[in-house]
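Mapping to my numbering: the sequence shown position 335 is 353, numbers consecutive.
Glycine included, every Cβ here is placed at the ideal spot set by N, Cα and C.
Quantities reported herein were computed from a predicted structural model and do not represent experimental measurements.
First up is the structure itself, then whatever we jot down about it.
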Amino acid sequence: MAEARRALAAVWRHRSLVAVTVLTGAVVSALLAMTLAPRYEATAQVLVGDTETTVLEQQSVVTDLYATEIIVEGEAAIILSRDLAEDVIRRSGMLYDRDLNPGLAWDAASGESEDTAIARMIGPYYAALSVEPSGRSRVITIRFQSESPVQAAAVANTIAEAYLDRQVRDKRSANAATVETLRSRVEQLRRDVTQREQRLAQFRATNNLPEAGGPDRVSQRISLTANQLEDERTQLAALRSRHQELRRALEVDRLDLPPSLIGAGTLAALWEQKAQVQAELARVRSVFRPGHPTVDRQAAQLADLQRTIRAEMETLEQSLQAEIATARSRVESRARALETLRQEERRLNAAQVELGALERDVAVARDVLRAFLDRAAQVQELQGTEQASSALVSVARPPTEPVGPNRKLVIAGGTFAFGFLALLLVLWLEQTDTRLLGATQAGAWTRLPLLGTLPEVPAERTRLVPAEDMIAQDPGSGFAEAVRGLVLALAAPDSIWPTGLLLVTGADRGEGKTALAVALARSLALDGARVLLIDGDRSAPRVHAVTGVANDYGLVDHLRDGAEVDGVIHADPLTPLEVMPLGASAQARGWRLGEAGLRPLAQPLADRYDWVVIDGPGLGENADAAVWAAVADQVVVTLAPRRSRQGSVTEAMRVLRAARAPLAGVVLNRVPGRG
């Protein structure tokens, strides 16, 4: 808020500059607005169709993946392209129309090439063109401005037509390029199909693969061989079982073998004969006693028969062994054949996998070739029938009312610009102006307390009553009240008014130092104090003129010539104040004031008066200021806003502090306000 208030205060201080600058801007902007030619705007609208280039004029699946806004923005960018701009400039006649564009019209006789002239017109063309999508729809609005309403409509329609024609050209070029690409691709695919078929045939021949049914036939043979092998293994097991039984019988000398082992033939006959002999032997033994020849003969016959049976069984064993060997050989041979078939099956299966891949490659290549052949035929049929995907939905017509320039906006903009310039000037002046602005700066520059502020009395009032006289003639004024407040600020805690020697000085001319000294002295005198006002400013003595006393004799006469003090003191005509003017002012400037001469005067005056107010010289004008400061009891520095400058104030404070002056504080005089 403080910064804002300071900014407003700065603008108010320079209000005249701001007002003049803004008024100038308004006048200049108004004159400029009156000279601007009217401009007309024509509008055409284009509906964007399927922009995906396809040779079959079908909606592409890819189109659905993009937002409508992106498609429309892309088409708007095409309308704004430089190629289309050059085409429109040629078509619309803008290049040759001297009435429309006298500064841009091209003449071949001038020696300038057509391309150079078009390049020169591109900037104005784009400045007059506006291309915008209409919301989320597929409609693009084309606006063109011109000083001629007819020309504006013609150019807007030409832009739309050029855009549609470009779509047709792009499709024709795309179809021609597609035909050429398809032809090249078809030849490639044919060679690829031939190579794949050759690789397939070579693979069949290398792996001895039939055209069809190879693995199935091998599987059938494997099944048949496996069955045969199982039968032969069963037969071999049966033979081995018979052989084992026969072997056990022979080992235990057992001749009563079952018929399943003996079988038919000789052994069966011997077995029957053995039974008969055994029966006969049993009968004979029942008839004859042991050792009887008949019994022995019959027993011998049985023994011979048993030997015959054993021999026959041994022969049978040999036959079984031969059959077992034969059966084993058949089993092994059949097993090897089965393993061979299985290996063949595995080889065929592995080869069949690769064969299937090769066959699929050939089938895919044939399908691709067939698709490209169909596509090539379709594209060739479409050549020459291309149409634009987009459509002109609104034709531009010559407008009847201009759209610009907006004279009110021009005037407002110019006024605002000049107002901004005025603010920049105010800022620059504030940055470069070293004059005092207020109490905050006064405290920062002097590092002294603020004793009080005296308002600036308006000029119309000072013509009637000067500010110094208001203490006596207008005690209720704001100025008089401020002076009385200053008296209280300077008074000691145990006194109603200050005492001692008070030096009033300043840094620059025009700060109201003398007026402050006179007003302060008169206020003290009116309050009943014994006060003496001394004019100590040899460079510009004004106390006598302000108070209206004579200046024939004064301070200089006393100090230089030894005149009596009472002889150089005069009475103030308005108040009980006593005044000691400078005196002999014409010669005073050539005489130097010293501290040694002032001290003998200061002490008697301090004893005689309650307060001695000295209107001292300016701190930057002569060396007397330091002399007066050395003998004073209090020093008041007078500053005035917009009059005191930082450099002068800094130098004044340096002088006072070098003289070890008893600085009481700062008084701001002539502060804008009610006096």
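Mind checking who residue i pairs with in its DSSP beta bridge?
i: Ile552; result: Met598 and Ile632
i: Ser164; result: Tyr58
i: Val522; result: Asp633 and Val654
i: Leu65; result: Val157 and Ala409
i: Arg453; result: Arg663
i: Glu150; result: Thr159
i: Val689; result: Pro473
Determine whether the beta carbon atoms of residue i and residue j lie at a separation below 8 Å.
i: Asp673; j: Leu469; result: The amino acid occupying residue 673 in the given sequence is Val; Asp does not appear at that position. Not in contact: Val673 and Leu469 (Cβ atoms no closer than 8 Å).
i: Val567; j: Val597; result: yes
i: Leu334; j: Leu254; result: no
i: Leu466; j: Val689; result: no
i: Val631; j: Leu538; result: yes
i: Asp101; j: Ser407; result: no
i: Ala658; j: Ala677; result: no
i: Gly601; j: Tyr571; result: yes
i: Leu519; j: Ala624; result: yes
i: Leu551; j: Leu619; result: no
i: Leu320; j: Leu288; result: no
i: Gly7; j: Arg161; result: In the structure as shown, the chain begins at 19 and stops at 693. Residue 7 is therefore absent and cannot be evaluated.
i: Pro151; j: Pro417; result: no
i: Thr243; j: Arg352; result: yes
i: Ala62; j: Val413; result: yes
i: Val411; j: Val157; result: yes
i: Ala682; j: Val645; result: no
i: Asp553; j: Leu573; result: yes
i: Ala95; j: Leu227; result: no
i: Val522; j: Gly636; result: no
i: Val701; j: Thr532; result: This structure cannot settle anything about residue 701, because the visible part of the chain is limited to 19 through 693.
Please state the DSSP three-state secondary structure of residue i.
i: Val413; result: coil
i: Ser589; result: For clarity, residue 589 is Ala in the given sequence; the question names Ser instead. Correct three-state label for Ala589: strand.
i: Gly683; result: strand
i: Arg663; result: strand
i: Leu542; result: helix
i: Gly470; result: strand
i: Pro308; result: coil
i: Ser131; result: coil
i: Gly422; result: strand
i: Val567; result: coil
i: Tyr143; result: helix
i: Leu320; result: helix
i: Asn225; result: coil
i: Arg527; result: coil
i: Glu332; result: helix
i: Tyr627; result: coil
i: Asp492; result: coil
Which residues in the same chain as residue i place their Cβ atom closer than 8 Å to its Cβ, once the five residues preceding and following it in sequence are excluded?
i: Ala25; result: none
i: Gly437; result: Val36, Thr39, Val40 and Gly43
i: Ala394; result: Val197, Leu200, Arg201 and Val204
i: Gly431; result: Ser47
i: Leu98; result: Tyr144, Leu147 and Val149
i: Val29; result: Val36, Leu441 and Val444
i: Arg360; result: Ile240
i: Leu507; result: Reading off the sequence shown, one finds Ala at residue 507, where the question assumed Leu. Leu469, Gly470 and Gly683, listed in sequence order.
Can you find a heavy atom of the ligand GTP that lies under 7 Å from the Cβ of residue i?
i: Arg325; result: Among the components modelled here there is no ligand, and therefore nothing to report on the ligand GTP.
Just to confirm my understanding: we take residue i, look at its own chain, exclude 5 residues before and 5 after, and list those with CB closer than 6 Å. What are they?
i: Met488; result: Ser495, Phe497 and Ala498
i: Glu362; result: Val236
i: Gln401; result: Asn193
i: Ala383; result: Asp210, Val211 and Arg214
i: Arg415; result: Ala171
i: His562; result: Asn569 and Pro599
i: Glu298; result: Gln316
Among the residues of its own chain, which have a CB less than 7 Å from the CB of residue i, if the five just before and after it don't count?
i: Leu338; result: Leu257, Arg260, His261 and Leu264
i: Gly665; result: Thr452
i: Gln621; result: none
i: Ser662; result: Arg453, Leu454, Ala525, Asp526 and Glu529
i: Thr668; result: Trp463
i: Glu91; result: Pro151
i: Asn175; result: Ala62, Val413 and Ala414
i: Ser34; result: none
Suppose only complete runs of 3+ residues qualify. What are the beta strand (DSSP E) ranges in the stretch 340 to 412, listed by chain order?
409 to 412
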